[in-house]
Amino acid sequence: MAVIDQALIRSRRARRPETLADLMTMVGLTSGVANIIMQLSLPAVGHGVHESRVVSGSPRRRPFKRLRTTSQHLVVSVLGNESDRDAFREEMRAVHAHVHSTESSPVRYSGNARDLQLWVAACLFRFYIDQYELLYGPLDRAALDVLTPAAAPLATGVNVPESAWPQSWHEFEDYWDSMLPSLSIAPEVRDDLKSLSDFMFLHEALGAPGWVLARVFGPLNHFLTRGNLPSEFRDMLGWKWSEAEQLWFERFLRLVRVADVVNPQAIRLYAQLMLLDLRLRLRVRGSILGAEKVVDAPLGEQGRTPAERRRNRR
354 MAVIDQALIR SRRARRPETL ADLMTMVGLT SGVANIIMQL SLPAVGHGVH ESRVVSGSPR
414 RRPFKRLRTT SQHLVVSVLG NESDRDAFRE EMRAVHAHVH STESSPVRYS GNARDLQLWV
474 AACLFRFYID QYELLYGPLD RAALDVLTPA AAPLATGVNV PESAWPQSWH EFEDYWDSML
534 PSLSIAPEVR DDLKSLSDFM FLHEALGAPG WVLARVFGPL NHFLTRGNLP SEFRDMLGWK
594 WSEAEQLWFE RFLRLVRVAD VVNPQAIRLY AQLMLLDLRL RLRVRGSILG AEKVVDAPLG
654 EQGRTPAERR RNRR
């Protein structure tokens, strides 16, 4: 088995990655929540999401829509044309205009603040780098220097000017290291992230069916989230990770390597379908994200389940 595993690694590494699409693996299907945790570890981003009043784009109300739109943001950045990116950028700008701090917010933030969006884009770049390196080992500096400027659409797609994006891996490392002292996770944000990791947010969104889904699939997703998460972010959350869990995670990665090499087109097919869906929505409905719905109070204050929210509206 070890011989086969090493052969799979050598086979993939022989194809030198030059674009973000070359970094896509099946690990990316399991590491989304881990990357969200990295994004929300910047306090202004974490509190902005925690205090969100945008119902239409929240996983706490529309989880499947949020999965689609997040996937499409990544796909547009990697495979979309300029028309796709312009359309998505403008709709994101409009939605983020509703995300801003209030007098009671513990930190000041704005959804369209370029420094916050630059951090989110940097985390998304790590989403691609990390999933590849977990499966196939570290990328060399030459490859990283090619991939860093290629990742600029992750930033420009959320209204960050291209000039603000690092142009080399050294610049990216300097930026990343400079941000680490600013990171922390407040208790209320930690609770939000735990509910994403163990799928209990589905209970808030869907009620009893969501609770069942969380009980069945949540433990596995929490394990995979912790496995995909860099240790410094696990430490911020107070999450433990044992040697035994690491061994099980490595066994999981070996299985994923087989699936990833045997069926390399699966992820690209999914990405192409997401891009097709985006273009159809633009053509037929004139919008990717759909109608906006914004309420007066943070979503968490309106009730933790559909039944509780109905009672509160009476």
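Count along the sequence shown from 1, then add 353; that gives the number in this note's numbering.
Note that CB positions come from ideal geometry on N, CA and C, so glycine has one too.
Item: C-beta atoms of Arg415 and Val429 nearer than 8 Å; Value: no
Item: Inter-residue spacing [alpha-carbon to alpha-carbon] between Ile641 and Val356; Value: 46 Å
Item: CB of Leu507 within 8 Å of CB of Phe525, strictly; Value: no
Item: His523 classed as buried or exposed, judged by whether at least 16 other C-beta atoms fall within 10 angstroms; Value: exposed
Item: Beta bridge counterpart(s) of His453 as assigned by DSSP; Value: Ser463
Item: Chain-order list of residues whose beta-carbon lies under 7 Å from that of Asn465 (same chain, five-residue window excluded); Value: Arg446, His449, Ala450 and Asn512
Item: Residue burial classification, Glu601 (beta-carbon count within 10 angstroms, cutoff 16); Value: Here residue 601 turns out to be Trp, not Glu, going by the sequence shown. Burial call: exposed.
Item: Chain-order list of residues whose beta-carbon lies under 8 Å from that of Ala517 (same chain, five-residue window excluded); Value: Arg467, Leu471 and Ala508
Item: N-terminal and C-terminal residue of the alpha helix (DSSP H) that Glu585 is part of; Value: Ser584 to Leu590
Item: Val542 in three-state terms, based on DSSP; Value: helix
Item: Delimiting residues of the alpha helix (DSSP H) encompassing Thr578; Value: Ala561 to Asn581
Item: Cβ shell of Gly401 (< 7 Å), same chain only, five flanking positions each side left out; Value: Val452, Tyr462 and Gly464
Item: C-alpha distance - His426 paired with Arg363, whole-angstrom precision; Value: 31 Å
Item: N- and C-terminal bounds of the alpha helix (DSSP H) containing Asp630; Value: Gln618 to Arg638
Item: Euclidean distance between Cα positions of Phe605 and Ser457; Value: 44 Å
Item: First and last residue of the uninterrupted alpha helix (DSSP H) at Asn512; Value: Element bounds for Asn512: n/a, residue is neither H nor E.
Item: Proximity of Ser595 and His575 at Cβ, strictly below 8 Å; Value: no
Item: Whole-number beta carbon distance between Ile538 and Leu590, since they are thought to touch under 8 Å; Value: 6 Å
Item: Rounded straight-line distance, which links the Cα of Phe570 to that of Ala504; Value: 32 Å
Item: Beta-carbon proximity check, Arg406 vs Pro412, cutoff 8 Å; Value: no
Item: Residue of Gly639, Leu629, Arg638 and Arg634 minimising C-alpha distance to Gly433; Value: Leu629
Item: Element boundaries [alpha helix (DSSP H), containing Trp529]; Value: Trp522 to Met532
Item: Enclosing alpha helix (DSSP H) for Lys418 [first to last residue]; Value: Pro416 to Leu432
Item: When Met377, Ala387 and Arg368 are compared against Ala612, the one with the closest alpha-carbon; Value: Met377
Item: Residues near Gln520 by beta carbon distance below 6 Å, same chain, minus five either side; Value: Pro502
Item: Cβ-based neighbour list, Leu635, same chain, cut-off 7 Å, excluding 5 preceding and 5 following; Value: Ala440 and Ile641
Item: Spatial distance of Pro368 from Arg421 (CA atoms); Value: A small correction: the amino acid at residue 368 is Arg; Pro does not occupy that position in the sequence shown. Taking the straight line from one Cα to the other gives about 29 Å.
Item: Nearest neighbour of Met553, chosen from Leu573, Ala567, Glu404 and Leu487 [CA to CA]; Value: Ala567
Item: Backbone secondary structure at Leu469 - three-state DSSP; Value: helix
Item: His626 to His403 span [Cα, whole Å]; Value: One detail in the question is off: residue 626 reads as Leu in this sequence, not His. Spanning the two alpha carbons is a distance of roughly 31 Å.
Item: Whole-angstrom C-beta distance between Pro370 and Leu500, which should lie under 8 Å; Value: 7 Å
Item: Member of Val398, Arg366, Gln359 and Ser384 whose CA lies at the smallest distance from the CA of Met532; Value: Val398
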